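In order, the protein sequence lines correspond to chains A and B. Each residue of the first sequence is one higher than the one before, starting from 51 at the first, in the numbering used here. Each residue of the second sequence is one higher than the one before, starting from 6 at the first, in the numbering used here. For every residue, glycine included, the Cβ atom is placed at its ideal position computed from N, Cα and C. Since this is a predicted model, take the numbers as computed values, not measurements.
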Amino acid sequence: MAPPSIETQGLTKRFGRFTALQDLSLKIEGTKCVGFLGPNGAGKTTTLKLLADMIFPTRGACWINGISVQEHRRGALTDAGVLIESPEIYPSLTPNEALEMVADLRGVPPADRRDRIRTVLGEVKMDDWANQKVGRFSKGMKQRINIAAALVHDPDVLILDEPSTGLDPRGMAEVRAIVRDLKKSRRLIFMSSHILSEVVDVCDEVALIDKGKLLFHDTLDNVTRRFAEGHGSVDVTLARPLDGGDGRAKLAALPGVSDVTDLDPKRWRLKFTGGVDGQERLLEALVALRIGVVSVAESESALEEVYLSQISRGD
Amino acid sequence: MAAATTDPPALPATRLRPPASLEQATHLARYQLREYLRSLRFLVMVGIVLAIGAILTTLVAHFRGSLATSPIAFYGSFWGGGANGVIVLSAVIFGGDAIAGEFQNKTGYFLMGLPLRRSTVYVGKFVAAFLAATAMMLLFLAILVGNGAYYFHGGLFPWQLGVAIVLAFAYLGAVLGATFLFSSLFKTSVYGFVLTLVMFLIGFTILQDLIVGLVKIQPWMIISYASSTIGSVFSPPVNWGLAATVTQERAFMGGPVVGTTYVPGIAEGLVIMLVYLVVTAIAGLWLFEREEFT
Ligand SMILES: Nc1ncnc2c1ncn2[C@@H]1O[C@H](COP(=O)(O)OP(=O)(O)OP(=O)(O)O)[C@@H](O)[C@H]1O
Ligand SMILES: [Mg+2]
């Protein structure tokens, strides 16, 4: 059986004279999570809606698992789970009923239905609310049910538009855990997000889009490496505040360090050159300073820097 | 590649397949009906039917000398007088925002990610609205039968009532068809409600008068015209045919014609209603299939 896949060819969407998406050709395939990034209004939701046949392309076409979305919406969406733009559920239904409806419409065998629904409600931690009316739920609770609804039929392909919007920190962590879990079995996840740490955490590849145009699509490693141009960046946390001028000078004098930023007196970001070897030398020298280093973490900003440099370049 | 791409476990041999569209439509209708039954609008509609029933009960009691003289006169004035209102108001309440609401309330976004045709959603919602409206018709019928039993001590129902009930259901289909069509013209619920209500309460009647008065032809293209069969079947002689009964009023014997009334034949009324249902359903489905969930 072919691996799960999502493909778009020359996908273009205009609203009147405004081009929201231009000539997007993208192929993603296999067991992985692809993060879909881009500023507000870049065209992410537009792309995902085209993939779910909620809107129709002005030009081009797309396929899920090789099945044309535009020609066979039923077939294309059969093995896909879709969550776009925080939909609403009929307010007087309970999560159990709403998920039963989804299961019925998707053809989940009655014998598995109860189990599947219980499992997915457990995954989104909504089991205690299974029999309350959805209409009274908070935004985040509804979003959890929406996530559960996208998972009921155990799909190969997941198309998620900012799945963690409206969720509390624990909810976000849970979504991340769900996505990571999904990758353990054969799944392809295409997920838009503004939370770069989330993308770094769960995604293997990223696609960056701006003003309706795809800027790049590559593995996360390649992206950060390619755009870092030999630079690395680490965040250093100290037990004690490091006083301004003197401290900064000490850090700047470390081997390979090209730039020092104080995030706050106890947290510093060091940019350095020299790749992995350079990083090793830097850390040894850093600890030798005895300035109370309690943690050194690869700065999450690697992707952020790529993002900012790419997006601002477009202006 | 960055990911730990371990060997994926084999997929189950048989993947899920969504049920046939017709079956999906029945599932959708079932859940949508449940939503209707629990909604405030259902209670409101029950209240409206009870009010219509109460008014008619009072009227008949007051004018029993003329309205309750025979079963035919009674059922004619009661069913003929109330069914229309029950049908139109049920259609507006259950169907007025059926399609527009899917956009405005974003419930359509929940359904559109599922492997179903847009038309399945339309048909499922139509069936649910039809069934909810049917519940209202049955409630009204119960009030009617209660009154009938009081005046005629459970005597036989006239066959005209049977015909009038069939016509009423056909009319319900036609009205709901138009309501759904109106509703799919908009993405804002209130427009659908208002257009349906205005059209059925006054719009069609005005159009009918204009056509008869100015164009001077039979207003067969107006749905409310067909609905007059629901009442006319009670007044003999019944015109069963496909052609209307035309009465011309003259100012003087043999003088010029000053007015014409058209009363549709029963078969004619039924055909008009069914054509309305089919045409509005096709047009509404055509529109909805092309609507974007932007
Ligand atoms: N129905 C519409 N009519 C006109 N323009 C639209 C419509 N829908 C979207 N757009 C425009 O298309 C562009 C892309 O919108 P889209 O929702 O895809 O952005 P996005 O990348 O999802 O942004 P965000 O991160 O804010 O969710 C925006 O400029 C938006 O204004
Ligand atoms: Mg968006």
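- For the options B:Thr112, B:Leu247, B:Val268 and B:Pro242, the alpha carbon positioned closest to that of B:Gln253 is the one of B:Val268.
- For A:Asp211, the nearest beta carbon of chain B is not closer than 7 Å to its own beta carbon.
- Non-local beta-carbon contacts of A:Ile167 in its own chain, meaning distances under 6 Å to residues more than five positions away in sequence, involve Leu149 in chain order.
- By the criterion of a C-beta distance shorter than 7 Å, B:Ser232 is surrounded in its chain by Asn89 and Tyr176, once the five residues flanking it on both sides are discounted.
- Linking A:Leu332 to A:Asp260 through their CA atoms gives a straight-line distance of about 36 Å.
- By the criterion of a C-beta distance shorter than 7 Å, A:Asp309 is surrounded in its chain by Lys321, once the five residues flanking it on both sides are discounted.
- Residue pairing by DSSP places A:Gln59 opposite A:Ala111 in a beta bridge.
- Beta-carbon to beta-carbon, A:Leu270 and B:Leu119 are separated by about 31 Å, too far to satisfy the 8 Å threshold.
- For a Cβ distance threshold of 9 Å, nothing in chain B lies close to A:Asp268: the least Cβ distance comes to about 10 Å.
- DSSP places A:Phe68 within a strand segment (E or B) once states are collapsed to three.
- Here DSSP, grouped into helix, strand and coil, assigns A:Leu76 to strand.
- For B:Val276, the enclosing alpha helix (DSSP H) stretches over residues Ile271 to Glu294.
- The closest heavy atom of ligand 1 lies less than 6 Å from the beta carbon of A:Phe65.
- Three or more Cβ pairs closer than 8 Å define a contact, and the region 285-299 of chain A meets that threshold against the region 331-347 of chain A.
- Put simply, the CB of B:Thr31 is far from chain A, with every gap to its CB atoms at 7 Å or more.
- Contact annotation: A:Gln72 and A:Lys263 have beta-carbon atoms nearer than 7 Å.
- Of all residues in the region 141-163 of chain A, the ones placed with a Cβ closer than 9 Å to any Cβ belonging to chain B are Pro141, Ser142, Leu143, Glu147, Ala148, Glu150, Met151, Val152, Asp154, Leu155, Arg156, Gly157, Val158 and Pro159, in chain order.
- Scanning its chain for C-beta atoms nearer than 7 Å, with the 5 sequence neighbours on each side dropped, one finds around B:Pro224 the residues Gln213, Ile216, Val217, Tyr230 and Tyr267, in chain order.
- Within the region 77-104 of chain A, contact with chain B at the beta-carbon level (separation under 8 Å) is assigned to Gly80, Thr81, Lys82, Cys83, Lys99, Ala102, Asp103 and Met104.
- Per DSSP, the beta-bridge partners of A:Trp318 are A:Val286 and A:Asp312.
- In this structure, A:Pro145 sits away from A:Ile197, with a CB-CB distance that is not shorter than 7 Å.
- Looking from the CA of B:Arg20, the closest CA among A:Leu61, A:Gly110, A:Gly157 and A:Lys94 belongs to A:Gly157.
- Taking C-beta atoms as the reference points, A:Pro137 and B:Tyr156 fail to come closer than 7 Å.
- Listed in chain order, the alpha helix (DSSP H) runs fully inside the region 80-163 of chain B are 105-109, 112-117 and 123-157, counting runs of at least 4 residues.
- Using a CB distance cut-off of 7 Å, B:Phe47 does not count as an interface residue toward chain A.
- The three-state reading of DSSP puts A:Ala347 in strand, counting E and B together.
- In chain order, the residues with a C-beta atom nearer than 5 Å to some heavy atom of ligand 1 are A:Phe65, A:Ala70, A:Asn90, A:Gly91, A:Ala92, A:Gly93, A:Lys94, A:Thr95, A:Thr96 and B:Thr299.
- If you draw a straight line from the Cα of B:Gln109 to the Cα of B:Leu116, it comes to about 14 Å.
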